[in-house]
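Mapping of the sequence shown onto my numbering: residues 13 to 141, in sequence order.
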Amino acid sequence: MDLFEYQGKQYFARYDIPVSAGDVALTVDEAVSAAEAAGYPVVVKAQVQVGGRGKAGGIKLAADADEVRLHAGNILGMDIKGHVVERLWVENASDIDEEYYASFTLDRGAKKHLLMLSAQGGVEIEAVA
């Protein structure tokens, strides 16, 4: 099962694992509403199941509603490696000291679950992991 980032964050929140305040948006107006609810600054993030969103311009910081409108309008409909952005995750921006990567996947050959952890989270994680 592949999850969008927002789905993973919703699952975490359900089990009291801390995540930034945010919401899903399907339109520019919904993105502005989500940003107002989360509180500025926010991050507007393309929701596609592929890496490289940031490098493709699919993750943008916004300080106010005008910037959210601009970024949401540019990101919605964007093609990122063959995946068209139909939804956004708008969340309160975090001041990040350290970033980690965690992934659960299925190793079909070994017929086992695989947990990948890395202290080098973020951009280019696919190459690191």
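Note that CB positions come from ideal geometry on N, CA and C, so glycine has one too. Source: prediction; values computed, not measured.
Quiz item: Straight-line CA distance for aspartate 14 to glutamine 61?
Solution: Position 2 of the sequence shown, counting from 1, holds the residue named residue 14. Position 49 of the sequence shown, counting from 1, holds the residue named residue 61. Near 7 Å, if we compare the C-alpha coordinates of glutamine 61 and aspartate 14.
Quiz item: Around the Cβ of glutamine 59, are there at least 16 other Cβ atoms within 10 angstroms (buried) or fewer (exposed)?
Solution: Walking along the sequence shown from the start, residue 59 turns up at place 47. Buried, since its Cβ has 16 or more Cβ neighbours within 10 Å.
Quiz item: Counting only beta-carbon atoms, is glycine 51 nearer than 7 Å to chain C?
Solution: In the structure shown, chain C does not exist; there is a single protein chain.
Quiz prompt | Inter-residue CB distance, valine 56 and lysine 72 (contact presumed, cutoff 8 Å) | solution = Translated into positions along the sequence shown, residue 56 becomes position 44. Translated into positions along the sequence shown, residue 72 becomes position 60. Rounded to the nearest angstrom, the Cβ distance from valine 56 to lysine 72 is 5 Å, consistent with a contact under 8 Å.
Quiz prompt | Euclidean distance between Cα positions of aspartate 109 and alanine 84 | solution = The sequence position of residue 109 within the sequence shown is 97, counting from 1. The sequence position of residue 84 within the sequence shown is 72, counting from 1. Spanning the two alpha carbons is a distance of roughly 26 Å.
Exercise. With DSSP as the reference, label isoleucine 87 as helix, strand or coil.
Key: Here the question's residue 87 lines up with position 75 in the sequence shown. Residue state, collapsed to three classes: helix.
Self-check item: Cross-strand partners of leucine 100 (DSSP beta bridge)
Solution: Residue 100 sits at position 88 when you count from the first residue of the sequence shown. According to DSSP, which records beta bridges pairwise, leucine 100 is partnered with Ala37 and Ala58.
Quiz item: Rounded to a whole number of angstroms, what is the C-alpha to C-alpha distance between arginine 99 and glycine 70?
Solution: Taking the first residue of the sequence shown as 1, we reach residue 99 at position 87. Taking the first residue of the sequence shown as 1, we reach residue 70 at position 58. Cα atoms of arginine 99 and glycine 70: separation of roughly 11 Å, rounded to the nearest angstrom.
Quiz item: Who pairs with phenylalanine 116 in a beta bridge, going by DSSP?
Solution: Taking the sequence shown and counting its residues from 1, the one referred to as residue 116 is at position 104. Note: phenylalanine 116 sits in a beta bridge opposite Leu127.
Quiz item: Roughly how many angstroms separate the alpha carbons of threonine 117 and asparagine 104, rounded to a whole number?
Solution: Translated into positions along the sequence shown, residue 117 becomes position 105. Translated into positions along the sequence shown, residue 104 becomes position 92. In this structure, the straight-line span from the alpha carbon of threonine 117 to that of asparagine 104 is close to 28 Å.
Quiz item: Taking just the CA atoms, how far does alanine 114 sit from leucine 127?
Solution: In the sequence shown, counting from the first residue as 1, residue 127 sits at position 115. In the sequence shown, counting from the first residue as 1, residue 114 sits at position 102. Leucine 127 and alanine 114: Cα-Cα distance of roughly 7 Å.
Exercise. Output the distance between the C-alpha atoms of valine 102 and glycine 94, rounded to the nearest integer angstrom.
Key: Position 90 of the sequence shown, counting from 1, holds the residue named residue 102. Position 82 of the sequence shown, counting from 1, holds the residue named residue 94. Across the structure, valine 102 and glycine 94 are spaced so that their CA atoms are roughly 22 Å apart.
Practice problem: Over the uninterrupted beta strand (DSSP E) stretch that includes alanine 25, give me the two end residues. | Solution: Locating residue 25 in the sequence shown gives position 13, counting from the first residue. Premise fails: alanine 25 lies in the alpha helix (DSSP H), 17-26, not in any beta strand (DSSP E).
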